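According to UniProt numbering, the stretch in the sequence shown is residues 10 to 341, in order. Everything on this sheet refers to the single structure shown next.
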Amino acid sequence: IYILALESSCDETAASINKNGLEVLANVVSSQVDLHKKFGGVVPEIASRKHLELLLPVIDQALAEAGLKFEDLDAVAATYGPGLVGGLLVTLTAAKTISLALDIPLIGVNHIVGHIYANFIANPKIKKPLICLTISGGHSNLLYFENLRGYKILGKTIDDAAGEAFDKISRFLGLGYPGGPEIEKAALRGDPESIDFPRADLGNSYNFSFSGLKTAVMNYVNNEDQRGNRIDKNDLAASFQAAVVDSLVANLIKAVENYEVQSVVLSGGVAANQRLRKVISKKLKSFNLDFYYPPLELCTDNAAMIGAVAYYQYLEKDFAPLSLSADPSLKL
Ligand code: ATP
Ligand code: MG
Ligand code: FE
């Protein structure tokens, strides 16, 4: 089964071809990061126009890399949410057109489920049940997976997403966009224990909160400014990153203690964070568990992860009508 998958929910224009779900024959990603950098974040209007321009070449490249023609495809999939509506419409419309022209099924995929499935592409043999921490630019969720197709949401953020916190603090410090990699780079030169930022504790839940931390960082900088003290951005970045990581890890470990699981997996752009991976590895040493995270290129937005989910929907005949609309705030 060959599935062409398309993804353009944010600032990556991507097309992939997967064979039987997890075998990736082509995974083409055209990132617009440089285009949005000077604005300090993604500008939706610019993004959707760029998606329109890039999508067809990206699809052609994916087919060429896979050595396939349109006629070889068994289904076409597209992210239909969550994300920026303009971008979602570009790939969804393209997917509908391909579905109609080739008379093959259309499959609508949830972007966040895609982020999770990136793990199964990299490691098809992950043992279940598992706990998945999925942390991206717009979402933060802690999930319990009984099997591949059934999950329970244990916790989510009550305000900012983890990646959003990185992006906002990076912009505030003038470190650039996207914020995660910039903060991580600065943090390497700083002391994570130099400033004691708060770790949100939401009591008896698995929920996350990052807005208090964001305010604490801003207050710290403003106070030091007023006192005429010089601020070491590296120390600040390191201390901020340590606080985010600690809050994420605290909930994850709590879940591992309360649920019988075989593995822990990370997904989403923030899963690229080295400190997070290191701290989790260390904390999990006392549990008899496998720990996985996707390779860098599968952590951030790509189409192969969408194609992986689409295959399982294909097997379940979970096809979408041509009237499927984009849903910018689609829930898990
Ligand atoms: P969503 O998936 O929620 O719709 P998105 O697609 O924009 O949002 P991703 O592409 O999965 O999110 O991830 C991008 C986010 O990951 C950004 O917020 C970015 O700052 C963050 N990120 C990327 N690399 C790192 C890193 N090394 N450390 C921390 N955060 C990172
Ligand atoms: Mg992105
Ligand atoms: Fe994403």
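From the three backbone atoms N, C-alpha and C, an ideal C-beta is built for every residue, glycine too. Quick caveat: nothing in here was measured; it's all calculated off a predicted structure.
Pairing L211 with L261, the inter-Cα distance amounts to about 13 Å. Measuring C-alpha to C-alpha distances from A75 to each of A209, L63, G237 and L13 identifies L13 as the nearest. Between G277 and R180, the C-beta spacing is not below 8 Å.
Here DSSP, grouped into helix, strand and coil, assigns I167 to coil. Cβ-Cβ separation between S149 and A170: approximately 5 Å, consistent with a contact (criterion under 8 Å). For L307, the enclosing alpha helix (DSSP H) has its first and last residue at L305 to C308.
Residues close to the ligand ATP by the beta carbon criterion (under 5 Å to any non-hydrogen atom) are, from first to last along the chain, C19, S145, G146, G147, H148, G172, F175, D176, P187, G188, G189, P190, E193, G277, G278, V279, A281, N282, T309 and D310. S272 is bridged by DSSP to L139 and D299. Within the model, the alpha-carbon separation for V33 versus R239 is close to 50 Å.
Judged by beta-carbon spacing, P337 lies beyond the 8 Å limit of G117, meaning their Cβ atoms are not closer than that value. A distance below 6 Å between beta-carbons, with the five flanking residues on each side excluded, links S203 to the following residues of its chain, in chain order: D244 and S248. At the C-beta level, D176 and G188 come within 8 Å of one another. Around the Cβ of G316, a 10 Å sphere holds 16 or more other Cβ atoms; the residue is buried.
For V67, the enclosing alpha helix (DSSP H) starts and ends at P53 to A75.
If you look at I26, you'll find it in the beta strand (DSSP E) that goes E21 to K28. Judged by DSSP in its simplified three-state form, G188 adopts helix. DSSP places V279 outside any alpha helix (DSSP H), giving it a letter other than H or E. Shown here for K223: same chain residues with a beta carbon closer than 7 Å to its own, the five before and five after excluded, namely D169, A174, K177 and I178 in chain order.
The alpha-carbon of R236 is positioned some 52 Å away from that of N132. For the ligand FE, a non-hydrogen atom lies closer than 7 Å to the CB of H120. Taking the Cα positions, V52 is about 15 Å away from V99. Between the ligand FE and H124, a heavy atom-to-CB distance of less than 7 Å is present. Following the DSSP letters along the chain, one finds G117 inside the beta strand (DSSP E) bounded by residues L115 to N119.
For V270 against I140, the beta-carbon gap comes to about 5 Å, under 8 Å, which counts as contact. As DSSP reads the structure, Y323 sits in no beta bridge. Collapsing the DSSP output to three states places L245 in a helix. Cα atoms of A335 and K105: separation of roughly 12 Å, rounded to the nearest angstrom.
The Cβ atoms of N311 and N27 lie no closer than 8 Å to each other.
Under the three-state reduction of DSSP, Y215 is assigned to coil, being neither helix nor strand.
If you check the CB distance, Y153 and L142 do not come in under 8 Å.
E32: member of the beta strand (DSSP E) spanning E32 to S40, first to last residue.
Taken through DSSP and simplified to helix, strand or coil, A127 comes out as helix.
Spanning the alpha carbons of A71 and E21 requires a straight line of approximately 15 Å. DSSP lists Y153 as the beta-bridge partner residues of K161.
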